[in-house]
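Residues 2 to 370 in my numbering are what the sequence shown lists, from first letter to last. A short write-up of the structure that comes next.
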Amino acid sequence: MAVITEGLITFDFFQKKITMRIAALLILLLWMHGSIFSQNTQRVATDYFQQQPHLSIRALQVCSEQTVWFAANNGVYGFTRDGGKTWHTDSIAVEGKYPEFRSIAALNDSTVLLLSIDSPAYMFKTYDYGKNWRTVFANHAPKIFFDALYFKDAQHGIAVSDPADGCFRIMMTYNGGETWQQIPCKTLPAAYDGEACFAASNSTVWWQGNHLRFVTGGKHSRLFVSDDGASFTALPAPVVSGEELTGIFTTDFANAQTGYIGGGNYLKNDSSIVTLFKTTDGGHHWTALPLPGNAFVSSVKILSGTNLTAVTGMQGTYAIDNKGKAIEWLDENGSSLPFYALSHAPGSHYLWMAGSKGRIARLKLNWQK
2 MAVITEGLIT
12 FDFFQKKITM
22 RIAALLILLL
32 WMHGSIFSQN
42 TQRVATDYFQ
52 QQPHLSIRAL
62 QVCSEQTVWF
72 AANNGVYGFT
82 RDGGKTWHTD
92 SIAVEGKYPE
102 FRSIAALNDS
112 TVLLLSIDSP
122 AYMFKTYDYG
132 KNWRTVFANH
142 APKIFFDALY
152 FKDAQHGIAV
162 SDPADGCFRI
172 MMTYNGGETW
182 QQIPCKTLPA
192 AYDGEACFAA
202 SNSTVWWQGN
212 HLRFVTGGKH
222 SRLFVSDDGA
232 SFTALPAPVV
242 SGEELTGIFT
252 TDFANAQTGY
262 IGGGNYLKND
272 SSIVTLFKTT
282 DGGHHWTALP
292 LPGNAFVSSV
302 KILSGTNLTA
312 VTGMQGTYAI
322 DNKGKAIEWL
332 DENGSSLPFY
342 ALSHAPGSHY
352 LWMAGSKGRI
362 ARLKLNWQK
């Protein structure tokens with residue numbers, strides 16, 4: 002029932018009268034909320050490439066616009082040479098057992114190394130797109146657990162394992178992975194009790210020139226800084242720690258001074274905990290970069306050729322501009338993009354992502370410098 006009261010129309014609704022002015026205000030607030038929400042998301046052109054649905058893909062490397070490699074559990078690896086139109090997928094077994102791959106390094110389109118995580122840990126190398134594989138490294142130590150493999154060029158590489166007896170197991174190669182040497186424990190700061198690395202996305206290591214970095218988590222979150230492996234210094238980092246699956250899960254640097262770390266609590270997303278940080282002084286000071294909902298970060302990647310850094314995790318994929326503003330990327334249908342790992346080739350127009358249930362996706366980058 003409508004009545005006229007001092008020039009205003011009011012309505013009797015569940016015995017409560019709401020003026021048109023209040024209704025208009027509510028409409029305005031709803032519009033503003035929708036506007037703000039829309040500004041925090043962006044739909045992007047996304048192509049999906051479904052692999053075997055039982056695969057968990059945490060190792061991904063883009064070589065070029067056309068060639069992309071991945072490695073997964075059950076000894077499975079695969080690659081495309083035509084930008085995802087066709088894929089070659091196969092597996093490697095050792096004495097009837099299939100290793101779990103979480104690390105990969107492509108030295109060029111056809112030369113690739115795969116590293117399995119736990120004991121016995123194996124590293125395999127191919128020169129010919131997987132037609133032939135050789136074992137170039139094996140470790141049967143009971144506490145070995147490899148988290149990441151990274152090459153700064155075709156000759157120099159590093160493999161990082163969780164600590165044993167207070168010492169991180171750091172392996173280095175200077176001949177393209179043909180032979181490996183362990184960094185002496187006396188060169189490294191001792192690992193804290195409960196400190197470890199994470200094999201979430203093959204992105205706990207970064208190496209450029211003579212600047213080497215790797216990150217840790219668990220009971221303690223730290224950034225390890227090295228001069229080409231000659232010596233190491235450990236710096237505390239602000240990512241949440243204290244539990245087995247908390248800490249830094251990923252890092253990427255643009256140069257020795259400017260870089261990112263990301264992570265959080267793998268088991269519980271806590272919106273009160275900042276999960277992404279940026280440094281401009283080599284890790285001595287950090288700036289918090291809140292994501293929508295402070296989503297867990299599994300992988301971070303600086304996208305060369307753009308003003309963006311991308312992060313992904315179980316809640317979705319996000320872009321952060323050079324001012325620290327974050328938006329969530331959605332596919333063309335408005336669906337979120339939760340993945341484990343990111344990879345991007347310098348100058349490429351695509352960001353590649355890999356995750357659970359055999360999912361690989363390619364996102365077209367439109368926000369160029």
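C-beta atoms are modelled at their ideal positions from N, C-alpha and C, and glycine is treated no differently.
- Taking the Cα positions, Asn211 is about 15 Å away from Asp253.
- About 6 Å separates the beta carbon of Ile262 from that of Val240, a gap short enough to meet the 8 Å contact definition.
- Distance from the CA of Lys220 to the CA of Lys86, rounded to the nearest whole angstrom, comes to 44 Å.
- A straight line joining the alpha-carbon of Thr42 with that of Trp330 spans about 6 Å.
- The Cβ neighbour count for Asp148, taken over all protein chains shown within 10 Å, is at least 16; the residue is labelled buried.
- Between the region 200-207 and the region 148-165, the count of C-beta pairs closer than 8 Å reaches three or more; the two stretches touch.
- The region 127-147 and the region 89-100 touch, with no fewer than 3 CB-CB distances between them shorter than 8 Å.
- Nearest neighbour of Met124 by Cα position, chosen from Ser111, Asp110, Ala106, turns out to be Ala106.
- In this structure, the CA atom of Gln51 is about 5 Å from the CA atom of Arg360.
- Proximity to Ala346 across Gln53, Lys365, Ser337, Pro291 peaks at Lys365, based on C-alpha coordinates.
- Just so you know, the alpha carbons of Asp154 and Thr188 end up roughly 23 Å apart.
- Remark: C-beta atoms of Trp208 and Ile159 approach each other more closely than 8 Å.
- Distance from the CA atom of Asp228 to the CA atom of Arg214, rounded to whole angstroms, is 9 Å.
- Going by DSSP, Gly265 is part of the beta strand (DSSP E) stretching over 260-266.
- Take the alpha-carbon of Gly248 and the one of Thr217: they are about 7 Å apart.
- A straight line joining the alpha-carbon of Pro185 with that of Tyr319 spans about 39 Å.
- Distance from the Cα of Gly260 is smallest, within the candidate group Lys269, Leu277, Tyr151, Glu245, for Leu277.
- Per DSSP, reduced to three states, the secondary structure at Cys186 is helical.
- Boundaries of the beta strand (DSSP E) harbouring Phe80: 77-81, taken from the DSSP string.
- One Cα belongs to Pro54, the other to Lys358, and the distance between them is close to 4 Å.
- Taken in chain order, the complete beta strand (DSSP E) segments of 3 residues or longer contained in the region 174-243 are 206-209, 212-216, 223-228, 233-237.
- One thing to note: Val301 has its Cβ no nearer than 8 Å to the Cβ of Ser232.
- With contacts defined by Cβ atoms closer than 8 Å, Thr313 and Phe340 form a contacting pair.
- Among the bridge pairs identified by DSSP, Met315 is matched with none.
- Counting along the chain, the unbroken beta strand (DSSP E) around Glu329 starts and ends at 327-331.
- For Asp322, same chain residues with a beta-carbon under 7 Å away, outside a window of 5 residues either side, are Asn308, Leu309 in chain order.
- Listed in chain order, the beta strand (DSSP E) elements of length 3 or more contained wholly in the region 78-121 are 89-92, 102-107, 113-117.
- Cα atoms of Thr180 and Asn334: separation of roughly 48 Å, rounded to the nearest angstrom.
- In the DSSP assignment, the residues bridged to Trp70 are Gln62, Phe80.
- Excluding its 5 nearest sequence neighbours in each direction, Ala238 has C-beta neighbours in its own chain below 8 Å: Val216, Ser222, Arg223, Leu224, Ile249, Ile262, Phe278, Gly284, Trp287, listed in chain order.
- A straight-line Cα-Cα distance of about 32 Å links Gly265 and Ala139.
- A check of alpha carbon separations from Ser337 across Ser57, Gly317, Thr280, Glu244 identifies Gly317 as the nearest.
- For Gly158, the uninterrupted beta strand (DSSP E) run begins and ends at 158-165, by DSSP.
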